[in-house]
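Working notes, structure below.
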Amino acid sequence: MEIDFFAAFVIGILGSGHCIAMCGGITTMLSSAVNKETNASNKLSIILSYNLGRIATYSLIGAIAGLTGSLAAKNIGFPVSILRMIAGVFLILLGLYIGRWFMLLNKVEQLGKGIWKYLSPLSKKFIPIEKPKQALALGAIWGWLPCGLVYSTLTWSLASGSLLSGAIIMFFFGLGTLPALMTLSFGAISIKSVLLNNNFRKIMALLLIIYGIVTLKFASDMMF
17 MEIDFFAAFV IGILGSGHCI AMCGGITTML SSAVNKETNA SNKLSIILSY NLGRIATYSL
77 IGAIAGLTGS LAAKNIGFPV SILRMIAGVF LILLGLYIGR WFMLLNKVEQ LGKGIWKYLS
137 PLSKKFIPIE KPKQALALGA IWGWLPCGLV YSTLTWSLAS GSLLSGAIIM FFFGLGTLPA
197 LMTLSFGAIS IKSVLLNNNF RKIMALLLII YGIVTLKFAS DMMF
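The opening residue of the sequence shown carries number 17 in the working numbering; numbering runs sequentially from there.
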């Protein structure tokens with residue numbers, strides 16, 4: 017299971033370019049929404065708070081997915097190896113999505129838009145951001161943003177076999193996305209240009225596809 021935690025962290029890092037493309041505008045908006053009179057120290061705590069809120073939401077969703085997978089395995093005898101194969105397939109789809117070779121995950125993202133349209137207006141209640149607790153709540157809402165990268169990683173939580181493991185997997189995934197979004201919050205334009213570089217994006221996509229194939233191989237070995 018420790019390997020799954022590390023893998024989730026790596027998926028977060030490999031998907032950093034997608035994070036920038038998907039959430040970069042929101043990150044910039046949140047940073048600019050900080051009260052102009054806020055000093056540098058408080059700004060750091062605010063930025064950390066809304067990222068913590070985002071990761072907390074990922075962990076909550078991961079816990080729900082982990083519990084669902086556990087109940088499916090225990091109550092109806094659904095094989096964990098099948099859940100692992102699903103996770104492997106979604107990793108491959110994620111790689112194809114990030115590489116922009118096959119965009120099926122766009123359709124998967126549509127599933128989350130029903131919830132998002134109700135949660136998104138709530139964010140206006142916390143702007144302008146003056147305190148970390150406002151940023152924490154705003155980040156918790158942000159975590160529900162429909163995202164193929166998040167949904168693909170959730171299949172790992174589904175296959176983890178427990179509520180706790182599912183939550184920890186998504187926590188480590190969130191940590192993997194943190195460096196890119198934190199640097200963007202502080203205006204590291206050079207990092208952004210690297211992460212959005214076409215060749216870099218394709219290399220990251222290929223690594224995700226390879227990892228998905230390896231996951232499928234391990235899952236098939238569990239079955240036979």
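Ideal placement from N, C-alpha and C gives every residue a C-beta, glycine not left out.
Using CA coordinates, which residue listed in E125, E146, L107 and M186 is at the minimum distance from S65?
-> Nearest to S65 by C-alpha distance, out of E125, E146, L107 and M186, is E146.
Could you spell out the range, first to last residue, of the alpha helix (DSSP H) harbouring F106?
-> Unbroken alpha helix (DSSP H) run through F106: V96 to I114.
Selection from T84, F21, H34 and V105 that minimises the alpha carbon distance to K233 | The shortest C-alpha separation from K233 is found at V105.
Going by the beta-carbon positions, is the gap between Y227 and L107 smaller than 8 Å?
-> Contact: yes.
Between I131 and W160, what straight-line distance do the alpha-carbon atoms span, to the nearest angstrom?
-> Spanning the two alpha carbons is a distance of roughly 8 Å.
In whole angstroms, what is the alpha-carbon distance linking I157 and G78?
-> So the alpha carbons of these two residues sit roughly 15 Å apart.
For the alpha helix (DSSP H) holding N213, just list the boundary residues, first then last.
-> That residue, N213, is in no alpha helix (DSSP H); it is neither H nor E in DSSP.
Supposed contact pair S32 and T169 - C-beta distance, whole angstroms, cut 8 Å = Not confirmed; about 13 Å, so no contact.
What distance in whole Å lies between the Cβ atoms of L120 and L138, which are believed to be in contact at a cut-off of 8 Å?
-> Contact flag wrong, Cβ pair sits at about 30 Å.
Determine the extent of the alpha helix (DSSP H) in which I157 is found, giving its start and end residues.
-> Element bounds for I157: P148 to W158.
Applying the criterion that 16 or more other CB atoms from any shown protein chain within 10 Å of the CB defines a buried residue, is M220 buried or exposed?
-> So M220 ends up on the buried side.
Quick one, which of L68, A183 and K218 has its alpha-carbon nearest H34's?
-> Closest option to H34, Cα to Cα, is K218.
Simplified DSSP assignment, three categories, for I143 | Three-state DSSP puts I143 in coil, outside helix and strand.
Inter-residue CB distance, A103 and A24 (contact presumed, cutoff 8 Å) = With a Cβ gap of about 10 Å, A103 and A24 do not count as contacting.
L30 (DSSP reduced to helix, strand or coil) = Here L30 sits in helix by DSSP.
Skipping 5 residues on each side, what residues in its chain have a beta carbon closer than 8 Å to that of K129?
-> Answer for K129: P162, listed in chain order.
Would the region 184-198 and the region 94-103 be scored as touching if the rule is three or more Cβ pairs under 8 Å?
-> Touching, no.
Can you tell me which of R70, F216 and I229 puts its alpha carbon nearest to the alpha carbon of K149?
-> Comparing Cα positions, the closest option is R70.
Is it true that the CB of F118 sits closer than 8 Å to the CB of L127?
-> The beta carbons of L127 and F118 sit no closer together than 8 Å.
Determine the closest residue to L83 out of D20, T199 and W172, with distance taken between C-alpha atoms.
-> Nearest in C-alpha terms to L83, of all of D20, T199 and W172, is W172.
From the DSSP output, in three-state form, read off I225 for me.
-> It is helical.
Reduced DSSP secondary structure (H/G/I, E/B, other) of F118 = Note: F118 maps to coil in three-state DSSP.
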